[in-house]
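See structure below.
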Amino acid sequence: MSTQPAHSPAHQALHPLVQRLVLLTGAAVLDGADCEAWAARPGAAMLVFTEEPERFKETLDLAVIVPELHAARRGAFRVGLLPPAAARELARRYGFARWPAFVMLRDGQYLGAVDGIRDWDDYVAELDRLLAATPTRAPGIGVPVRAAGPSACA
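Residue numbers for the sequence shown, in our numbering: 1269 to 1422.
Next up, the structure:
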(Lines of atoms letter the chains of each structure in order from A and count residues from 1; the text may use other names and numbers.)
(Lines give C-alpha, C1' and ligand atoms only; values in the text may rest on other atoms or scores of the structure.)
Protein backbone atom coordinates (compact mmCIF):
# COMPACT_ATOMS: atom_id res chain seq x y z
CA MET A 1 0.00 0.00 0.00
CA SER A 2 1.33 3.46 -0.84
CA THR A 3 -0.22 5.75 1.74
CA GLN A 4 1.63 9.03 1.96
CA PRO A 5 3.63 9.88 5.11
CA ALA A 6 3.24 13.29 6.73
CA HIS A 7 6.49 14.56 5.20
CA SER A 8 5.64 13.48 1.63
CA PRO A 9 5.08 16.02 -1.18
CA ALA A 10 1.45 14.87 -1.43
CA HIS A 11 0.89 15.71 2.24
CA GLN A 12 2.74 19.02 2.02
CA ALA A 13 0.52 20.09 -0.92
CA LEU A 14 -2.56 19.87 1.34
CA HIS A 15 -4.07 22.97 2.93
CA PRO A 16 -2.70 23.48 6.49
CA LEU A 17 -6.08 22.62 8.07
CA VAL A 18 -6.23 19.39 6.07
CA GLN A 19 -2.63 18.64 7.15
CA ARG A 20 -3.80 19.18 10.73
CA LEU A 21 -6.59 16.62 10.20
CA VAL A 22 -3.97 14.10 9.03
CA LEU A 23 -1.72 14.76 12.02
CA LEU A 24 -4.45 14.73 14.68
CA THR A 25 -6.19 11.58 13.45
CA GLY A 26 -3.21 9.67 12.06
CA ALA A 27 -5.06 9.64 8.74
CA ALA A 28 -3.59 7.85 5.76
CA VAL A 29 -3.38 10.13 2.71
CA LEU A 30 -4.67 7.87 -0.03
CA ASP A 31 -4.82 7.84 -3.79
CA GLY A 32 -7.13 5.91 -6.09
CA ALA A 33 -4.71 2.99 -6.30
CA ASP A 34 -4.31 2.29 -2.58
CA CYS A 35 -7.77 3.20 -1.33
CA GLU A 36 -9.35 -0.23 -1.77
CA ALA A 37 -6.59 -2.08 0.11
CA TRP A 38 -6.70 0.49 2.92
CA ALA A 39 -10.50 0.29 3.15
CA ALA A 40 -10.48 -3.53 3.26
CA ARG A 41 -8.48 -3.63 6.49
CA PRO A 42 -10.47 -4.90 9.50
CA GLY A 43 -12.49 -2.49 11.58
CA ALA A 44 -14.39 0.76 11.15
CA ALA A 45 -13.01 3.42 8.84
CA MET A 46 -13.90 6.94 7.79
CA LEU A 47 -12.94 7.84 4.24
CA VAL A 48 -12.82 11.64 3.93
CA PHE A 49 -13.46 13.12 0.47
CA THR A 50 -11.92 16.58 0.11
CA GLU A 51 -12.11 19.17 -2.63
CA GLU A 52 -10.03 22.23 -3.39
CA PRO A 53 -10.82 24.78 -0.64
CA GLU A 54 -10.91 27.50 -3.30
CA ARG A 55 -13.85 25.68 -4.95
CA PHE A 56 -15.52 24.28 -1.82
CA LYS A 57 -14.69 26.30 1.29
CA GLU A 58 -16.65 23.75 3.36
CA THR A 59 -13.70 21.36 2.89
CA LEU A 60 -11.92 23.38 5.58
CA ASP A 61 -14.93 23.06 7.90
CA LEU A 62 -14.80 19.29 7.51
CA ALA A 63 -11.03 19.36 8.10
CA VAL A 64 -11.76 20.83 11.55
CA ILE A 65 -14.80 18.63 12.29
CA VAL A 66 -13.27 15.21 11.48
CA PRO A 67 -10.57 15.33 14.21
CA GLU A 68 -13.26 16.36 16.71
CA LEU A 69 -15.49 13.44 15.68
CA HIS A 70 -12.50 11.08 15.89
CA ALA A 71 -11.66 12.32 19.39
CA ALA A 72 -15.31 12.27 20.51
CA ARG A 73 -15.53 8.59 19.59
CA ARG A 74 -12.10 7.90 21.11
CA GLY A 75 -10.59 6.69 17.87
CA ALA A 76 -13.29 4.06 17.24
CA PHE A 77 -12.44 4.28 13.54
CA ARG A 78 -9.36 4.92 11.45
CA VAL A 79 -9.30 7.82 9.01
CA GLY A 80 -8.27 7.87 5.38
CA LEU A 81 -8.08 11.12 3.44
CA LEU A 82 -8.62 11.41 -0.29
CA PRO A 83 -7.08 14.58 -1.73
CA PRO A 84 -9.20 16.30 -4.41
CA ALA A 85 -8.05 14.39 -7.52
CA ALA A 86 -8.47 10.98 -5.87
CA ALA A 87 -11.72 12.09 -4.20
CA ARG A 88 -13.25 13.12 -7.53
CA GLU A 89 -12.13 9.82 -9.07
CA LEU A 90 -13.80 7.71 -6.35
CA ALA A 91 -16.87 9.86 -5.52
CA ARG A 92 -19.20 8.11 -7.97
CA ARG A 93 -18.60 4.78 -6.28
CA TYR A 94 -20.30 6.06 -3.13
CA GLY A 95 -23.05 8.21 -4.66
CA PHE A 96 -23.04 11.19 -2.30
CA ALA A 97 -24.59 14.40 -3.58
CA ARG A 98 -22.64 17.25 -1.92
CA TRP A 99 -19.04 18.13 -1.09
CA PRO A 100 -17.25 17.67 1.19
CA ALA A 101 -18.25 14.23 2.41
CA PHE A 102 -17.12 11.24 4.38
CA VAL A 103 -18.00 7.60 3.92
CA MET A 104 -18.05 5.08 6.75
CA LEU A 105 -16.87 1.53 6.10
CA ARG A 106 -16.42 -1.59 8.18
CA ASP A 107 -14.05 -4.30 6.95
CA GLY A 108 -14.19 -2.60 3.55
CA GLN A 109 -17.98 -2.73 3.38
CA TYR A 110 -20.15 0.37 2.96
CA LEU A 111 -22.07 1.65 5.99
CA GLY A 112 -23.17 5.03 4.65
CA ALA A 113 -22.11 8.55 3.74
CA VAL A 114 -22.48 11.99 5.27
CA ASP A 115 -22.25 14.83 2.77
CA GLY A 116 -22.25 18.59 3.10
CA ILE A 117 -21.89 20.54 6.33
CA ARG A 118 -24.22 19.89 9.27
CA ASP A 119 -24.74 20.85 12.88
CA TRP A 120 -22.46 19.11 15.39
CA ASP A 121 -25.30 17.12 16.98
CA ASP A 122 -26.36 15.88 13.54
CA TYR A 123 -22.81 14.73 12.79
CA VAL A 124 -22.55 12.85 16.08
CA ALA A 125 -25.96 11.19 15.69
CA GLU A 126 -25.27 10.18 12.09
CA LEU A 127 -21.79 8.88 12.93
CA ASP A 128 -23.17 6.79 15.78
CA ARG A 129 -25.91 5.44 13.51
CA LEU A 130 -23.37 4.49 10.84
CA LEU A 131 -20.97 2.88 13.31
CA ALA A 132 -23.84 0.62 14.44
CA ALA A 133 -25.19 0.00 10.92
CA THR A 134 -25.23 -3.25 8.99
CA PRO A 135 -23.11 -3.04 5.82
CA THR A 136 -25.00 -2.48 2.60
CA ARG A 137 -24.25 -1.96 -1.07
CA ALA A 138 -22.84 1.48 -1.84
CA PRO A 139 -25.39 3.44 -3.87
CA GLY A 140 -23.01 4.43 -6.67
CA ILE A 141 -24.38 5.63 -9.96
CA GLY A 142 -26.31 3.45 -12.34
CA VAL A 143 -28.08 0.14 -12.09
CA PRO A 144 -26.14 -3.01 -11.20
CA VAL A 145 -26.18 -5.59 -13.99
CA ARG A 146 -26.31 -9.27 -13.12
CA ALA A 147 -26.19 -12.27 -15.39
CA ALA A 148 -29.36 -14.39 -15.44
CA GLY A 149 -27.35 -17.60 -15.60
CA PRO A 150 -24.04 -19.10 -16.68
CA SER A 151 -24.86 -18.76 -20.38
CA ALA A 152 -26.18 -15.19 -20.21
CA CYS A 153 -23.04 -13.75 -21.81
CA ALA A 154 -22.35 -16.58 -24.22
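From the three backbone atoms N, C-alpha and C, an ideal C-beta is built for every residue, glycine too.
Cutting at 8 angstroms between CB atoms, please list the residues of its own chain near residue i, excluding the five before and the five after it.
i     : result
R1397 : G1380
Please work out which residues of its chain come closer than 6 angstroms, Cβ to Cβ, to residue i, disregarding the five sequence neighbours upstream and downstream, and give them in chain order.
i     : result
R1288 : none
Q1377 : P1403
R1346 : A1313
For residue i, which residues in the same chain have their Cβ closer than 7 angstroms to its Cβ, ignoring the five residues on either side in sequence?
i     : result
A1401 : L1379, G1380
L1298 : T1271, W1306, G1348, L1349, L1350, A1354
A1300 : Checking the sequence shown, residue 1300 turns out to be Gly, not Ala. Answer for G1300: A1354, E1357, L1358, listed in chain order.
Assuming residue i and residue j form a contact by the criterion Cβ under 8 angstroms, report the distance between their Cβ atoms to the nearest whole angstrom.
i     : j     : result
G1363 : P1407 : 3 angstroms
Give the secondary structure of residue i by DSSP, where H, G and I count as helix, E and B as strand, and everything else as coil.
i     : result
R1360 : helix
L1282 : coil
T1404 : strand
R1346 : strand
D1383 : strand
L1289 : helix
What does the Cβ neighbour count give for residue i, buried or exposed, with the cut at 16 atoms within 10 Å?
i     : result
A1339 : exposed
A1308 : exposed
E1319 : buried
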